[in-house]
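Q: Below: one structure in structure tokens.
There are 2 protein chains.
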Amino acid sequence: MATIREVSKRAGVSVATVSRVVNGNQKVVEATRQKVLEAMSELGYEPNSFARSLATNKSETIGMVVGELAGPFFGEMMQFAERVIRDEGKHLIITSGHASLAEERDAIEFLLKRRCDALILHLDLMSDAEILKRVDAEQTPIILVNRLVPELIDQCIYLDNEAGGYLATQHLIERGHRRIACITGPLYKSDARDRLTGYRNALKMADIPYDDQLVVEGDYLEQGGEAALERLFRRDTHFTGLVAGNDLMAIGVIKALRRNGLSVPDDCSVVGYDDVVMAGYIEPGLTTVRVPIEQFGAEAGRLALNLGEGHSFAVQHLFQPTLVERASTRVYNPAKQKSG
Amino acid sequence: MATIREVSKRAGVSVATVSRVVNGNQKVVEATRQKVLEAMSELGYEPNSFARSLATNKSETIGMVVGELAGPFFGEMMQFAERVIRDEGKHLIITSGHASLAEERDAIEFLLKRRCDALILHLDLMSDAEILKRVDAEQTPIILVNRLVPELIDQCIYLDNEAGGYLATQHLIERGHRRIACITGPLYKSDARDRLTGYRNALKMADIPYDDQLVVEGDYLEQGGEAALERLFRRDTHFTGLVAGNDLMAIGVIKALRRNGLSVPDDCSVVGYDDVVMAGYIEPGLTTVRVPIEQFGAEAGRLALNLGEGHSFAVQHLFQPTLVERASTRVYNPAKQKSG
DNA sequence: TTGTATGCGTTATCAG
DNA sequence: CTGATAACGCATACAA
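Going down the list, the protein sequences come from chains A and F. Per our numbering, residue 1171 is the first one in the first sequence, and the count goes up by one each step. Per our numbering, residue 1171 is the first one in the second sequence, and the count goes up by one each step.
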């Protein structure tokens, strides 16, 4: 591996000059520049990134923490973030938090130790307070994805979850449903709370009284969806439509409904949230709220590039969800409906 | 950020001694060791990884190239590889080849420039010859996943694809099918060829003559599966079962069969390959050949750790596929069957 | 515009 | 067992 010194000897110039043409930030006479370029390519010179980082105290690297490396949601996000970042000649290092607070902390430590220029974090467990504390303590810029921490609003990329919850519920109301159940995500998460608020707002707009017998807290997992539905059944209440906090739970719900001899959407309409790949493949196709996850990734990448010094892309912070209608919802039909 | 020098001052020892206790590779008297440890924690000292890498010419990092960051197959692989690698205090840097030869090359360059201690490559496009050339040229150990390059057999983690093709076909034969179509992957890929060989072997064992009218080359994509089925139909041949080169194509096939008014499995049994997450969710559940992708990831991680100096885990190179039976296959029923 | 010299934070060699 | 000190490869302030 050729070093800058070898290049400088071969080109008959000083290492400083070579450094200048490599980084292209200072003036170098065209003739000498050519000599250097030539020497570089002859030797197949590649700057040593460690030496450079040591000298500049920058790593040309952006770190990212996701919940899981596997799974449709994060995959798309990583994909688009990487694209943006790599287009700028920088690199993305991804680590996962594995749905545990300890691992989230560990992942962040790791990235910080690697002196990333900026961090893109998708944190599930860490509290706002702890995040704030860290942001204050570290000098590394931090971007939060799919989460809004009011004090850090300029560093957040997030979705209007209230609008999403509204959208899902309104979709059922428009189709004549009035008894609409709701399985929320874990309510310690703000996105779950916001979606629930959207649900309540939609009911209010339609003058449908809120009935807490129809609401149960889930865990964003498929099994949790099944379990939540069972709880609903035990309450012996009645509903013809259901909005789930995410697609995974919606899928669990559909399974459980069928197990109970009910048909989707004939006996009960079901709306999900996220629009994961699977939503289009299950039977029936899941009507769901689409989260623009690719854009989350791309915008987070841009924001990281901006904050990590150097760039100034325009970035969109707040995104609006949209409804994707498939086959799991239908108009309320009093004659057929027998659910709940 | 405290440096080693500050720690040495505070502890009243030389930097060399501090370095020794940090790395724990040379003897240090317990008393001084304690002093150093104390100074370290008081200052919150964290070694600078760049300086260390510069001095040692090692990065404590393993690079990985996958086809796509998104998608079930790679997600699982990354997940398990990361776990293994991070357990050893090293890091995994992932980049994607985006299904293009240029990007595969670029991704490798990138990782090499980062001086990774070893590379885990899942290459789709690069030829054996080019891989060999690179392995010879670079001193960085290279591990190949889901691919067998005979000359590099000790650096490969791969599946017995011939056995997989055999398994899928045999499953249908056992259930009485004799006219079995086969949609292969792109035949320039050795895994696709091996699966096809497995298919032929199974037929031979059952004394079923090979009929090339029943075989068509696909592209491992869902649409390719649909297209391949259309070609089969145009040939006006007859079959009651079909083995697809992977799950995505199998899903496409099922879609296309239905569009043509045929039922799976009543009119035609379909077997996939890979056992991606979706296989369990589509209707009907897809009978498929399971590839132990998590193990691929974990073993590749271990092999990388071994080859990147330091470790000596036992690693399994060759894996056997297994059959997962779901609802897309059934016994041949001459009375009902009307396919092809 | 170009060259010289120094520092970045560690590791490792060589004395002591 | 411990301390100086020379690399490691590059960037940059300061001179020329």
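Beta carbons are placed, not taken as given, at the ideal position from N, Cα and C, and that holds for glycine. Every value quoted in this text rests on a predicted model; they were computed, and no experiment measured them.
How should Met1375 of chain F be labelled, buried or exposed, when 16 other C-beta atoms within 10 angstroms of its C-beta is the threshold for buried?
A: Met1375 of chain F should be labelled exposed.
Q: Report the residues of the region 1230 to 1241 of chain F with a CB closer than 9 Å to any CB of chain A, ordered along the chain.
A: Of all residues in the region 1230 to 1241 of chain F, Thr1231, Glu1238, Leu1239, Ala1240 and Gly1241 have a Cβ within less than 9 Å of some Cβ in chain A.
Q: Taking contact to mean at least 3 C-beta pairs separated by less than 8 Å, is the region 1412 to 1426 of chain A in contact with the region 1414 to 1434 of chain F?
A: With the cut-off at 8 Å, the region 1412 to 1426 of chain A and the region 1414 to 1434 of chain F do not touch.
Q: Does Leu1342 of chain A pass the burial test, meaning 16 or more other C-beta atoms within 10 Å, or should it be called exposed?
A: Leu1342 of chain A should be labelled buried.
Q: Checking 8 Å against the spacing of the C-beta atoms, do Ala1468 of chain F and Val1254 of chain F come in under that value?
A: Yes, these two residues count as a Cβ contact at 8 Å.
Q: When the distance is taken between beta carbons, is Ile1263 of chain F closer than 8 Å to Leu1239 of chain F?
A: Not closer than 8 Å, so no.
Q: Taking the beta carbon of Ser1266 of chain F as the centre, do at least 16 other beta carbons fall within 10 Å, making it buried, or is it exposed?
A: Under this definition Ser1266 of chain F is a buried residue.
Q: With distance defined between alpha-carbon atoms, name the residue in F:Leu1475, F:Gly1334, F:Asn1227 and F:Lys1283 nearest to Asp1257 of chain F.
A: Residue F:Leu1475 is the option with its Cα nearest to Asp1257 of chain F.
Q: Given that a residue counts as buried once 16 or more other Cβ atoms are within 10 Å of its Cβ, and exposed if not, what is Ser1184 of chain F?
A: With fewer than 16 Cβ atoms within 10 Å of its Cβ, Ser1184 of chain F is classed as exposed.
Q: Do you know whose CA, among F:Glu1479, F:Ile1312, F:Asn1195 and F:Arg1275, lies nearest Met1296 of chain F's CA?
A: Comparing Cα-Cα distances from Met1296 of chain F to each of F:Glu1479, F:Ile1312, F:Asn1195 and F:Arg1275, the minimum goes to F:Arg1275.
Q: What do you get for Ser1219 of chain F, buried or exposed, if any count of 16 or more other CB atoms within 10 angstroms of its CB means buried?
A: Buried is the call here.
Q: On a Cα-Cα basis, can you pick out the residue from A:Gly1455, A:Leu1432, A:Lys1283 and A:Asp1436 that is closest to Tyr1443 of chain A?
A: It is A:Gly1455.
Q: Compare the C-beta of Gly1510 of chain A against all C-beta atoms of chain F and say whether one is closer than 8 Å.
A: Residue confidence for Gly1510 of chain A is low, a pLDDT of 45 falling below 50, so the modelled location carries little weight and cannot support an answer.
Q: Out of F:Tyr1215, F:Phe1466, F:Pro1435 and F:Cys1352, which one is the CA nearest neighbour of Asp1381 of chain F?
A: When each option's Cα is compared against that of Asp1381 of chain F, the closest is F:Cys1352.
Q: Taking the alpha-carbon positions, what's the Ala1209 of chain A to Arg1180 of chain A distance?
A: In a straight line, the C-alpha of Ala1209 of chain A is about 6 Å away from that of Arg1180 of chain A.
Q: Would you grab the beta carbon distance between Val1446 of chain A and Phe1243 of chain A for me? Rounded to a whole angstrom, and I think it's under 8 Å.
A: At roughly 6 Å, the Cβ-Cβ gap stays under 8 Å, so Val1446 of chain A and Phe1243 of chain A are in contact.
Q: Starting from the Cα of Phe1250 of chain F, find the closest Cα among F:Ala1225, F:Leu1318, F:Gly1355 and F:Ile1463 and give me that residue.
A: Nearest option by C-alpha distance: F:Ile1463.
Q: Jot down the residue ranges of each uninterrupted alpha helix (DSSP H) in the region 1184 to 1251 of chain A, minimum 4 residues, whole runs only, in chain order.
A: List check, alpha helix (DSSP H) in window: 1185 to 1193, 1200 to 1213 and 1219 to 1226.
Q: Just the C-alpha distance for Ile1327 of chain F and Gly1241 of chain F, rounded to the nearest angstrom, thanks.
A: Cα to Cα, Ile1327 of chain F sits roughly 20 Å from Gly1241 of chain F.
Q: With three or more beta-carbon pairs closer than 8 Å as the criterion, would you say the region 1317 to 1333 of chain F touches the region 1356 to 1371 of chain F?
A: Yes, they touch.
Q: Is the CB-CB distance between Leu1412 of chain A and Val1459 of chain A below 8 Å?
A: No; because the gap between Cβ atoms is not below 8 Å, this pair is not in contact.
Q: Who pairs with Thr1457 of chain A in a beta bridge, going by DSSP?
A: Answer is A:Val1441, bridged to Thr1457 of chain A.
Q: Kindly list, in the order they appear in chain A, the residues whose Cβ is closer than 9 Å to that of Leu1224 of chain F.
A: The answer, in chain order, is Asn1218, Phe1220, Ala1221, Ser1223 and Leu1224.
Q: What residues match up with Thr1265 of chain F in a beta bridge as DSSP calls it?
A: In the DSSP output, where bridge partners are listed per residue, Thr1265 of chain F has F:Val1235.
Q: At a CB-CB cut-off below 8 Å, which residues of chain A make contact with Gln1249 of chain F?
A: What Gln1249 of chain F touches in chain A: Glu1238, Leu1239, Ala1240 and Ser1266.
Q: Between Phe1466 of chain A and chain F, is any beta-carbon pair separated by less than 8 Å?
A: Not an interface residue.
Q: Enumerate in chain order the residues of its own chain whose CB-to-CB distance from Arg1401 of chain F is below 6 Å, with the five nearest sequence positions on each side excluded.
A: The residues are Val1386.
Q: How far does the alpha helix (DSSP H) with Val1305 of chain A in it extend, from its first residue to its last?
A: Here the alpha helix (DSSP H) through Val1305 of chain A covers Asp1298 to Ala1307.
Q: Please report how far the alpha carbon of Leu1207 of chain F lies from the alpha carbon of Val1191 of chain F, in whole angstroms.
A: Their Cα atoms are separated by approximately 8 Å.
Q: Of the residues that make up the region 1439 to 1459 of chain F, which ones have a beta carbon closer than 8 Å to any beta carbon in chain A?
A: Going along the region 1439 to 1459 of chain F in chain order, one finds Val1447, Met1448, Tyr1451, Ile1452 and Glu1453 with a Cβ nearer than 8 Å to chain A.
Q: Suppose contacts are defined by Cβ-Cβ distances below 8 Å. Is Leu1224 of chain A in contact with Ala1172 of chain A by that definition?
A: Going by C-beta atoms, Leu1224 of chain A is not nearer than 8 Å to Ala1172 of chain A.
Q: Quick check on Glu1308 of chain F - is its C-beta less than 8 Å from some C-beta in chain A?
A: Not closer than 8 Å to any Cβ of chain A, the Cβ of Glu1308 of chain F fails to qualify, so no.
Q: For the region 1283 to 1304 of chain F, list every residue whose C-beta sits within 9 Å of some C-beta in chain A, in sequence order.
A: Within the region 1283 to 1304 of chain F, the qualifying residues are Lys1283, Arg1284 and Arg1285.
Q: Could you please give the first and the last residue of the uninterrupted beta strand (DSSP E) stretch that includes Ala1351 of chain F?
A: Counting along the chain, the beta strand (DSSP E) containing Ala1351 of chain F begins and ends at Ile1350 to Thr1354.
Q: So, with DSSP's three-state summary, where would you put Phe1403 of chain A?
A: The answer is helix: DSSP assigns Phe1403 of chain A an H, G or I state.
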